[in-house]
Structure formats: C-alpha cells, structure tokens
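Counting the sequence shown from 1 gives a position; the working numbering is that position plus 1020.
Backbone N, C-alpha and C fix where the C-beta goes; we use that ideal spot for every residue, glycine too.
Working notes, beginning with the structure itself.
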Amino acid sequence: MASEAIAQVLAGSPAERVLDRTLRDHRHLSREQRQALKEAVYNVGLWRRRLGFLLGREDATPPFLLYALLHGLSGVPAAEAATLAGLGAGPPPVLNPGEPPTLALRASLPDWLADHFARELGPEADAFCAHLNVPGPITLRANPLRTSREALAQRLLTEGVTTRPGPWSPLALHVEGPRPNLYGLPSLREGLFEVQDEGSQLLGLLVEARPGETVLDLCAGAGGKTLLLGAELKDAGRLMAYDPDPERLDRLLQRSSRAGLTHVQVLRKPPEPGLDADRVLVDAPCSELGSLRRGPDLRFRASPDVLAHFPPLQQDILQHAGDLVRPGGRLVYATCTVNRAENEDLVTAFLAARPEFHLVRPGAGWLAPACVRDGFLFVTPHRHGTDAFFAAVMERSAG
Ligand SMILES: C[S@@+](CC[C@H](N)C(=O)[O-])C[C@H]1O[C@@H](n2cnc3c(N)ncnc32)[C@H](O)[C@@H]1O
C-alpha cells in the first residue's frame, strides 16, 4: 500500500491528496500505521533524489527508495529496513557512502532549481535549501481587533496550546509541541487569530495602514493580508479588496465577518485608475519558490518555465497599481518567491518607468534590520525561520 501511494507521488500526484485518499481507503489502520504511512510517503516524496544517489540510480522503485530512506537516512539496520520496505529475499543493496557531490542531490531538488538557488543566493544556497527540507512552524497571527498577542497566548494555554512569540512580527505566535487541531478551537471560531506565516504577516504590516485611510488590497486572494489591513485600520476607513478569482473573494468575505471586519468592500471588477488610494498592496501572483517547505513534492511539480512566466503579468499589475495610488501615497509590492526577475529587477524596471515613485526603507522604526537586504524586505527560512518573502515599499511623490 505504501509503495503504491509513493509511486503515485513520484508520478506527480500531489502528496497530500494521495495520502488522504489512501487513508480513506484503509480505515482499519492503527494510529501508528497511519503515521508510518504518512512519513513514508512524505519522506520518499521529498528525499527522492538523495535516495536515488544512495542507491546509485535515479529510477529506483518505491520499495528500494523506502529501503534507502529507512537504512540510509534513518539508520534502521539493513535487514530490518529491507523487511519493512518489502524487498524480496536476497541481500539488500549496498548504499553509496559519503555526501552527495551536488547541491541538487544533497537537498533533493531538481537540478534547474538547485542551480537557480545557487545563482540567487550564492554561498547561502546550501543553508537555504537545507531549510526547505524542514517543515515550517505553525504560526498564528493575533487579531488586534479582538485581542492582544499576550492575551491570545493566555487564552490558547487554557485551550491546551502552548505558544511562544515570534521574533519579527509583533502579532506572531509560534505553536510549540505537537500539532494541535486548531480548527477545533473556540478561540479560532471567535476570530481571535488567523494561521499565517510570520513573513506573510510582515508584508501586511509594511503597508502601515492607519485608521481613516483608503486602502486597496489589489491581489487579495482569500484575504490573508486583507484581514490584517482591516485590523490596522481598526475597521475605520475604506478597505477595498480585488482579485480576479471570485471564489477566493467569497472566502475573504466569510473570513472577514469572523474577524470582526464590517467594512471590507469586495471589488468584483478591477478598480479604475484615479482611485486615489492612500495605500495599495500588490501581493503579486508569483512562482512561489519561497514556500517550497510547505509540501514535500512542490519542487518536483514546478517547471523551469515558472522562472520567466510571471514578470510580464507582475509588471502589468504593478503599473495598474501605480495608477491607483494618490500623490504622497504608498505602494507595497510583495512576492513569496526567491527570483530577482520577479523581485528586485521588476521593481527597478517599474521605478525607471514611473519616476514619480521612489523606494523607501521598509518598516522604518519597527522592522528589524535583519529583515532588510539592499533596501527591500527579504526574509528566508534559514535566516528568519519564515517562508521566503520579498517586498518593496514605494511612495508616490506628493507634487
Ligand atoms: C499571492 S496570491 C494572494 C494571496 C493573498 N493576498 C493572501 O494573503 O492570502 C496572488 C493573487 O493574485 C491574484 N491575481 C492574478 N492575476 C491578477 C491580476 N491581474 N490582478 C490582480 N490580482 C491577480 C490571484 O488570483 C491570487 O489570488
């Protein structure tokens, strides 16, 4: 059963879906067996290239990959690993000794992606890629319309969830210990918090929305950042959210009423130039290479074309956004990727075409300098414990 599920993941089916389906079809499994199946599917899905190196072949079948995982990476004795993996009789294969010679094999990434990260991050590429193989923490964002971070931590304790404050966002709490069933907690139903990566929280905070202002979330999706913008506005002001995906906007509306936001104006058509917003957030569609640690197989389902796919769309959206900001207003451009073509280069091209905009220091007065690189926000798993995010904060000249 594990071999079949692994084969599906190796063939490109999303690991999470394969696992859900397999567990549904095998309801008789014990808790321990379910956990073992989950670990086998996730870890072989994730480590497939490194396991291929251990076995000396890239095209090894699931039982051999499972054997290499158990014996080579987890230290289970060879004979026991062979039995657990379901290898037939005969001596189990001898594994390649030593460290894999390339970043792609060490971190179990496709070659094109490892090469890309090496170009982007230079000497830090190894540390960055290693952190893509460690699951991120579960991070909550306190909803300041309903509570404070400290009061939320106390409330969660009474619900059996221990947390610690995040180092970068003043609203972040990281869950400690085993993963709780957050969706069963009354505090979630009461809108006291949202689940949101700490880096993602920073993007919303960089807008620095103030009560009474007109704020537009131009790529609002299901509202992860809109909710934060509304809380910053203290629900006093004009908050607009646009996204071309109507289902995401429907979800945004449901979430905003739970969070206590009464004034979100959902736009079903793109806003017209001349809106004169005080602040516009562009949380752009992107290649999403900053969140690869969120799934064991995301890296293998991406294709190299993704690196060049988004900049034309991002430039269009940013140009549109520039027409919506009032003189003296603020424009924040953000992505969850590590790709200069979608980040620094894109903003540089925008600023060259639109001299009325200039770059300002992100989060002046509150954002830790460690979150700023070359005038942009740039956070990463290996340095900050967050997913990777980029943001540029720009202002439009008043004159
Ligand atoms: C990174 S996601 C936004 C996530 C969201 N801000 C959040 O925090 O949950 C990018 C969004 O951009 C939207 N998008 C795609 N094309 C767009 C366009 N031309 N204008 C505005 N938004 C667009 C996508 O539908 C997607 O929801």
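Residue i classed as buried or exposed, judged by whether at least 16 other C-beta atoms fall within 10 angstroms
i, result
"Pro1266", "exposed"
"Ser1189", "buried"
"Tyr1087", "buried"
"Lys1245", "buried"
"Asp1365", "exposed"
"Asn1201", "exposed"
"Gly1010", "Here the chain has residues from 1021 to 1419 only, and residue 1010 is not among them."
"Ala1388", "exposed"
"Ala1328", "exposed"
"Leu1085", "buried"
"Pro1382", "buried"
"His1283", "exposed"
"Tyr1203", "exposed"
"Asp1217", "buried"
"His1046", "exposed"
Cβ-Cβ distance between residue i and residue j below 8 Å
i, j, result
"Leu1281", "Leu1247", "yes"
"Leu1057", "Thr1042", "yes"
"Val1235", "Asp1336", "no"
"Pro1331", "Ala1354", "no"
"Thr1159", "Ala1192", "yes"
"Gly1219", "Phe1409", "yes"
"Val1227", "Leu1301", "yes"
"Gly1110", "Ser1023", "no"
"Leu979", "Arg1166", "Because the chain in this structure spans residues 1021 to 1419, residue 979 falls outside the shown range and cannot be described."
"Pro1305", "Tyr1262", "no"
"Val1326", "Ser1307", "yes"
"Arg1313", "Gly1072", "no"
Residue i beta carbon near ligand 1 (any heavy atom closer than 7 Å)
i, result
"Leu1238", "yes"
"Gly1072", "no"
"Lys1245", "yes"
"Arg1313", "no"
"Pro1206", "no"
"Pro1264", "yes"
"Arg1487", "This structure does not reach residue 1487, given that the chain is present from 1021 up to 1419, and the question cannot be answered."
"Ile968", "Absent from the structure is residue 968, since the part of the chain shown begins at 1021 and ends at 1419."
"Ala1369", "no"
"Ala1279", "no"
"Leu1268", "The amino acid at residue 1268 is misidentified as Leu; the sequence shows Arg. Checking the Cβ of Arg1268 against ligand 1 gives yes."
"Gly1241", "yes"
"Ala1304", "yes"
Residues of its chain near residue i, where Cβ-Cβ distance is below 7 Å and the 5 sequence neighbours each way are ignored
i, result
"Pro1231", "Leu1253, Lys1254, Ala1256, Gly1257"
Close beta carbons around residue i, own chain, < 6 Å, minus the five adjacent residues each side
i, result
"Asp1343", "Pro1293"
"Arg1268", "Gly1241, Ala1242"
"Ala1098", "His1091, Pro1112"
"Asp1296", "Arg1346"
"Pro1164", "Ala1251"
"Val1038", "Ala1025, Gln1028, Val1029"
"Asp1131", "Ala1124"
"Val1399", "Gly1219, Cys1391, Thr1406, Phe1409"
"Leu1287", "Met1260, Tyr1262"
"Leu1176", "Thr1183"
DSSP-derived helix/strand/coil call for residue i
i, result
"Glu1210", "coil"
"Gly1032", "coil"
"Glu1415", "strand"
"His1402", "helix"
"Val1227", "coil"
"Ala1354", "strand"
"Leu1115", "coil"
"Val1345", "strand"
"Val1215", "strand"
"His1046", "coil"
"His1378", "strand"
"Arg1161", "strand"
"Leu1281", "coil"
"Val1181", "coil"
"Ala1388", "coil"
"Ala1147", "helix"
"Leu1192", "Note on residue identity: the sequence assigns Ala, not Leu, to residue 1192. Three-state result, Ala1192: strand."
"Arg1288", "coil"
Other residues of its chain near residue i: CB distance less than 8 Å, five sequence neighbours each side excluded
i, result
"Arg1209", "Arg1278"
"Leu1066", "Ser1128, Asn1153, Pro1316, Asp1317"
"His1402", "Glu1144, Ala1147, Phe1148, Ala1150, His1151"
"His1378", "Leu1371, Met1414, Glu1415, Ser1417"
"Glu1140", "Val1358, Asn1359, Arg1360"
"Arg1169", "Ala1162, Pro1185, Pro1190, Leu1191, Ala1192, Leu1193"
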